[in-house]
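Chemist:
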Amino acid sequence: MTKKIILLFILLMILLETGCNTVIIRAWTPPYKSRPVHEIRVLLGKVEGDLQIRGEGVISVYDANDLLIKKGIDIISLNSSRLKAPIRFVSQNTSLEFKSHKVRGSIHLIPQNQGPALVINVLPLEEYLLAVVPSEVPYSWPMEALKAQAICARTYAVREILNKKNALYDVEATTNSQVYGGIEKEHPFTTKAVQDTAGVMAVFEENPIQAFFHSNSGGKTETPENVWGGKKFPIFLPSLPILIEQEKTFIGKKQSLKI
């Protein structure tokens, strides 16, 4: 068992043991009249000028009223600077490609009054997680560790969906949210972890928790209110020492000692 795996288990213990009376790991559905959480909007990037969207087979382009305005085979090119209203790209097959980033679902192009247009991938939440989990942790980790990461990633994503009701997108594809590597990052092991935990989240007082996670704590986690301020956070987010990281830090295949 590697140091990184031990670290993930420690983080999971923090979640499960320190909040055993308040945090529940279970399937969760949004309250009545809440925003649906089965779909997520991911910001892939921004574009000015010429844009190319690739796919396999027929690619259809729809306007904001769902009217078909353009079709192409394998590739669609247009000038985003001339766009006056949002449009949506849909592939005949399962994926589309933007700047070598192959994704499931549809791609929406949303012009801004000033600045570049937003390129947003809209897809089912569970399909989004198929590319997030292997982008955040190695697929070679033990299956239970992959399941723990899937639950954390799902909880984080749903919380963002609920909080971004009036925004143009829910999450970014980078470390600003969770890393979303697209279809190329998917792997059977992490796919199984996502599917085996489908719908399962960490819930506190009937709502998904704010499920932050990290690759390295520097030896100790910080008290949340010292980082973000405001009200005192629930007991399941205490400041705790991570003994493994106090001794050594592992980055890839290199080892460094803390001075």
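Letter by letter, the sequence shown follows residues 1 to 259 in full-length UniProt numbering.
Ideal placement from N, C-alpha and C gives every residue a C-beta, glycine not left out.
#1: Quick one: grab the DSSP three-state call for Pro36.
#2: Starting from the N-terminal side, write out each stretch of the alpha helix (DSSP H) that is 4 residues or longer and does not extend beyond the region 93-144.
#3: Looking at Arg154 and the ligand MG, is the gap between the Cβ and the nearest heavy atom below 7 Å?
#4: For Arg41, list the residues DSSP reports as bridge partners.
#5: To test your reading of the DSSP string, which unbroken beta strand (DSSP E) runs of 3 or more residues are found completely within the region 157-225?
#6: Would you check if the region 39-46 and the region 57-69 touch, i.e. whether three or more CB-CB distances between them fall below 8 Å?
#7: From Val200 to Arg82, what does the alpha carbon distance come to, in whole angstroms?
#8: Quick check on Leu146: does DSSP put it in helix, strand or coil?
#9: Mind checking Ala157: buried by the 16 CB within 10 Å criterion, or exposed?
#10: So the beta strand (DSSP E) Asn79 belongs to, where does it begin and stop?
#11: What does the Cβ neighbour count give for Arg154, buried or exposed, with the cut at 16 atoms within 10 Å?
#12: Between the region 135-151 and the region 69-82, are three or more C-beta pairs nearer than 8 Å?
#13: Return helix, strand or coil for Ile242, following the three-state DSSP convention.
#14: Going along the chain, which residues of its own chain have a beta-carbon closer than 8 Å to the beta-carbon of Ile87, five neighbours each way excluded?
#15: Considering Cα atoms alone, identify which of Thr175, Glu56, Phe89 and Gly115 is closest to residue 265.
#16: Measuring alpha carbon to alpha carbon, tell me which residue in Gln210, Ser80, His187 and Tyr169 is nearest Asn121.
#17: Just mark Trp228 as buried or exposed, buried being the case when its beta carbon has 16 or more other beta carbons within 10 Å.
#18: Would the beta-carbon of Ile75 fall within 8 Å of that of Arg54?
Modeler: Short version:
#1: coil
#2: 125-136
#3: Among the ligands in the structure shown, none appear at all, so the ligand MG cannot be discussed.
#4: Val122
#5: 200-204
#6: no
#7: 43 Å
#8: helix
#9: buried
#10: Leu68 to Asn79
#11: buried
#12: no
#13: coil
#14: Val61, Tyr62, Asp63, Ala64, Ile69, His108 and Leu109
#15: Residue 265 is absent from the structure shown; the chain starts at 1 and stops at 259.
#16: Tyr169
#17: exposed
#18: yes
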